[in-house]
Each structure stands twice: as structure tokens, then as C-alpha cells.
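Asks: Mind looking over this structure? Questions follow.
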Amino acid sequence: MSTTPLNGSAAFNAYRAAAQIGSGSESSSSTGATAGLGGVGGAGGSFGAMLERAVNNVVDTTRAADTASTGAINGTVGVTDVVLAVSRAELALQTTVALRDRVVAAYQEVMRMPL
């Protein structure tokens with residue numbers, strides 16, 4: 095069983111990696127600032143399909159974080175991996191909530207328009 099010991103250096107490295115994910119400075123499309131959107135930028139596809147991909151991405155990211163947490167409990171996954179997985183899930187959820195808030199605000203704005 096290979097685990098990362100709980101020490102200050104490991105925690106610092108995990109925190110720094112999570113901060114990079116949050117700032118969007120990591121180049122990987124699956125872990126960057128668009129993780130909650132599932133890489134849906136670009137042309138083509140309907141809004142409904144984009145929304146479905148985004149929700150599926152959030153669910154998959156959350157499941158990966160859950161699996162990493164379970165692995166940490168079993169001693170098969172390192173602390174750094176757990177922190178990164180949970181950070182990715184948190185970022186994806188925050189992005190989805192922000193998108194939902196924007197859609198609701200747009201809907202309310204349309205409903206306030208006079209006929």
C-alpha cells in the first residue's frame with residue numbers, strides 16, 4: 095500500500111495544486127477552470143446537449159472524488175490525490191451553480207419584459 099504521509103510538505107503541495115486548478119493555470123482540459131463545463135466551449139451542438147454534458151461531467155468528477163476518498167480510507171490513495179479530486183469536484187459544482195444562477199437570472203429578466 096503506497097500512501098503519502100501526512101506532513102506539512104504534502105499538504106502544502108496539495109494546496110498549491112488545488113490553487114492552480116482554481117486559478118485555471120493548469121493546462122489539462124479535464125482539470126482546468128472549465129472542468130464544470132466539461133470542455134463544452136466551441137461551435138456546434140444545442141444548449142441542451144451542452145448542459146447535459148456539463149451535468150454528466152459534474153457527476154463523473156464527484157464520483158471520482160468519492161472513489162479517491164474511499165481509496166484514502168482504505169490506504170490505497172495518497173492524500174494529495176484526494177485533495178486534488180475533491181478540489182476538482184468542488185470547482186465543477188461551483189461552476190454548475192454559477193451557470194444555474196445565470197440561467198435563472200436571464201429567465202427572470204425575460205419574464206420582466208413587457209409584452
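In the working numbering, the protein residues as written are 95 to 209.
Glycine included, C-beta positions come from ideal geometry on N, C-alpha and C.
Grouping DSSP H, G and I as helix and E and B as strand, with all else coil, what is M205?
Replies: One-based indexing of the sequence shown puts residue 205 at position 111. Looking at M205 - three-state DSSP - the assignment turns out to be helix.
Asks: I'd like the span of the alpha helix (DSSP H) that includes T161, first residue to last.
Replies: Here residue 161 is taken as the residue at index 67 of the sequence shown, counted from 1. T161 -> alpha helix (DSSP H) spans 141 to 168.
Asks: Measure the alpha-carbon distance for E203 versus D175 and round it to whole angstroms.
Replies: Within the sequence shown, the letter at position 109 stands for residue 203. Within the sequence shown, the letter at position 81 stands for residue 175. Answer to the nearest angstrom: the Cα atoms are 42 Å apart.
Asks: So R182 packs on T161, CB below 8 Å; how close in whole Å?
Replies: Within the sequence shown, residue 182 is the residue found at index 88, counting from 1. Within the sequence shown, residue 161 is the residue found at index 67, counting from 1. Rounded, the Cβ-Cβ distance is 12 Å, inconsistent with contact.
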